[in-house]
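If you count the sequence shown from 1, position 58 lands on 67 in our numbering, and the numbers rise without skipping. Working notes, structure below.
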Amino acid sequence: MKLTPFPFNGTTYYLLLNGAALFNIYDQYGSEGSVFDPIRGGGSEGFAAVCWYLAELIEQGELYRRRQGHDRRSIPTAETFAIELSALDVPRAKAAIQDAILAGFSREEAEKREVDVGLLELEKKTEHG
10 MKLTPFPFNG TTYYLLLNGA ALFNIYDQYG SEGSVFDPIR GGGSEGFAAV
60 CWYLAELIEQ GELYRRRQGH DRRSIPTAET FAIELSALDV PRAKAAIQDA
110 ILAGFSREEA EKREVDVGLL ELEKKTEHG
């Protein structure tokens, strides 16, 4: 899983779109349209969505970090972001959210392994008789 860093107020938080976050987004905003739609909006609804997405994706990132053995950190709430996110932070937050969502929907390529041609030929021969 790929974590997306988001430095904010002296702390780097890590955003993660996993299955839990995706279905929480669907529960909160519905599954019609794109998962990006709520944060694209302007005004107070769009800002509230940015704050909610940040809190949700950071919570999932923090839970994943803990599962990997990292020290526990506090998890900010949407209300925290609504109070502390500056106007200049909003575009950065949207970019981090978008990066985390794209990373959540992308495949991580496994390491490329060398192909043993001799083994492949042997497997073909044993399959066909």
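Beta carbons are placed, not taken as given, at the ideal position from N, Cα and C, and that holds for glycine.
Residues near residue i in its chain [Cβ-Cβ closer than 7 Å; skip 5 each side]
{"i": "Tyr62", "result": "Ile48, Ile106"}
{"i": "Met10", "result": "Leu25, Asn27, Tyr73"}
{"i": "Glu120", "result": "Bear in mind that a pLDDT of 49 at Glu120, under 50, signals an unreliable position, so the number given afterwards is only what the model happens to contain. Excluding residues within five positions, none has a Cβ falling inside 7 Å."}
{"i": "Arg75", "result": "Arg81"}
{"i": "Ala29", "result": "Gln69"}
Proximity below 8 Å, CB of residue i to CB of residue j
{"i": "Leu8", "j": "Cys60", "result": "Residue 8 cannot be examined here, being either before or after the span of the chain that is shown, 10 to 138."}
Cβ neighbour criterion (16 or more within 10 Å) applied to residue i
{"i": "Ala109", "result": "buried"}
{"i": "Gly78", "result": "exposed"}
{"i": "Ile34", "result": "buried"}
{"i": "Leu24", "result": "buried"}
{"i": "Gly19", "result": "exposed"}
{"i": "Gly113", "result": "buried"}
{"i": "Ala96", "result": "exposed"}
{"i": "Phe90", "result": "buried"}
{"i": "Glu54", "result": "exposed"}
Residue(s) in a DSSP beta bridge with residue i
{"i": "Pro16", "result": "Thr21"}
Neighbourhood of residue i by C-beta, 6 Å cutoff - its chain only, sequence neighbours within 5 removed
{"i": "Thr21", "result": "Pro14"}
8 Å CB neighbourhood of residue i in its chain, flanking five on each side removed
{"i": "Ser115", "result": "Lys11"}
Cβ pair count under 8 Å reaching 3, the region 80–91 against the region 53–67: They touch, by the three-pair rule.
Pair every Cβ in the region 15–26 with every Cβ in the region 98–116, then say whether three or more of these pairs are closer than 8 Å. With a cut-off of 8 Å on Cβ pairs, the region 15–26 is in contact with the region 98–116, counting three or more such pairs.
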